[in-house]
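For reference, the structure discussed in these notes is given below.
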Amino acid sequence: MRKHTILFILVAFVFTSSQVFAQRYTKSKRYTSIGGGLSAMNYFGDITPSSSFTSADIQFTRPNLSLHIMRRLTPRFSAKAAFAWGRLKGDDFLSADPSDKNGRYRYIRNAHFRNDIKEFSVVGMLDLFENRNTFLRRPNFVPYAFAGIAVFHHNPKARTPEDMGRNWVALQPLGTEGQFLTGPGSEKYPDPYKRIQISIPAGIGLRYKLSPRIDLAFEVGYRFTFFDYLDDVSGNYPDLNVLRTQKGDLAYKMSDRALETVAANTGDARSVDRVLTDLYGGPSNGIVTLTYVDDNGNPVPFTHTTVNGYGRRGDQRGKPSENDWYLVTGFHINYILIKGVRCPKFR
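With mature numbering (1 follows the signal peptide of the UniProt record, and there is no 0) applied, the sequence shown corresponds to residues -22 to -1, 1 to 325, in that order.
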């Protein structure tokens, strides 16, 4: 909450600062530019937990393409609206080191995802150096900061297990953490997350004047979200028997993937024997078979074999105390639109 409060204050400051100079900035000096961008996207969340953008896992970097329109409003302030598409990706099998005590849990969990982000944003941009002249006399180099608000659509997907074809399927409808379950105890499960969300874009950039009407900019922009399901991982495992009964075999198999012998995302062979030997002294010592009962307490003909600490209702699957976020870093080109340049009259 503290981080989000600071962000809201920053957004308010960037937008309201334009009023200070608006009265003195003539209409003839305002201008509009259009452009596009090519950036890199990196995700930070339960599958790739990191404390800062410097610890991004480069192997999961994916492209981001954008189009924008920008309006210069004051000597320092511009407003920009943009539409962007990009992809986020993460994989426990590739990023978690099974020999590291902090990576073992994620390696056994064996979750992965990809998520295509379609984003519309409106941001205010505050230049470090002001320009009280026309666009033709703007500074060659201008550092700037930006902040605003964005709405985006997302839909996390993962590959099905090897015996189900390794096909990409949407995860939200499956309710892998019990979101859609009904019956006794279902009130303790989280609500289904929305596939349309709001984020706070904020960051810094450097703009360079390439020609009288063209600028090249480099930006580093955070996208702070208000939820923890960009990767479909956040809380605890549900009752897998209830999940199987109400949502089908695919749902429960996508929820607990600890003992899969093939990493579905890559197709590579995987084994948790080494980790179980380190933790329990042998590859079979940490294996458990879960049994289930119905609402009346009678045993049901379904069992689930997994690793101890995984797959049982209430076992930790993610870390709901920290929201997911992502980083967009790249280059943008701006082309200034003008109706015409007035020339002085000589007599």
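Using N, Cα and C, we set each Cβ at its ideal position, and we do this for glycine too.
Per the coordinates, the alpha-carbon of I25 lies some 31 Å from the alpha-carbon of H46. Judged by their CB atoms, D193 and S17 are not nearer to each other than the 9 Å cut-off. Membership of L72 in the alpha helix (DSSP H) is indicated by the continuous run 70 to 73.
Straight-line spacing of the CA atoms in Y200 and I182 works out to 9 Å. Distance from the Cα of T223 is smallest, within the candidate group P117, V271, E197, D70, for V271. If you check the CB distance, A89 and D210 come in under 9 Å. If the five residues before and after Y258 are omitted, its C-beta is found closer than 7 Å to the C-beta atoms of G264, all from its own chain and listed in chain order. Taking a contact to require three or more Cβ pairs closer than 8 Å, the stretch 139 to 153 and the stretch 104 to 111 do not qualify as touching. Sequence-distant partners of V129 (beyond 5 residues in either direction) whose C-beta falls short of 7 Å from its own C-beta, in its chain, are F98, I174, I176. Leaving aside the five residues that flank V266 on each side, the residues in its chain whose CB is nearer than 6 Å to its CB run, in chain order, N286. For L114, there is no enclosing alpha helix (DSSP H), as DSSP marks it with neither H nor E. Under the Cβ criterion (8 Å, minimum of three pairs), the stretch 160 to 171 does not count as touching the stretch 75 to 90. Non-local beta-carbon contacts of G81 in its own chain, meaning distances under 6 Å to residues more than five positions away in sequence, involve A74, D75 in chain order.
Taking C-alpha positions only, P41 is separated from V278 by approximately 48 Å.
Residue pairing of K67 in beta bridges, as defined by DSSP: R92.
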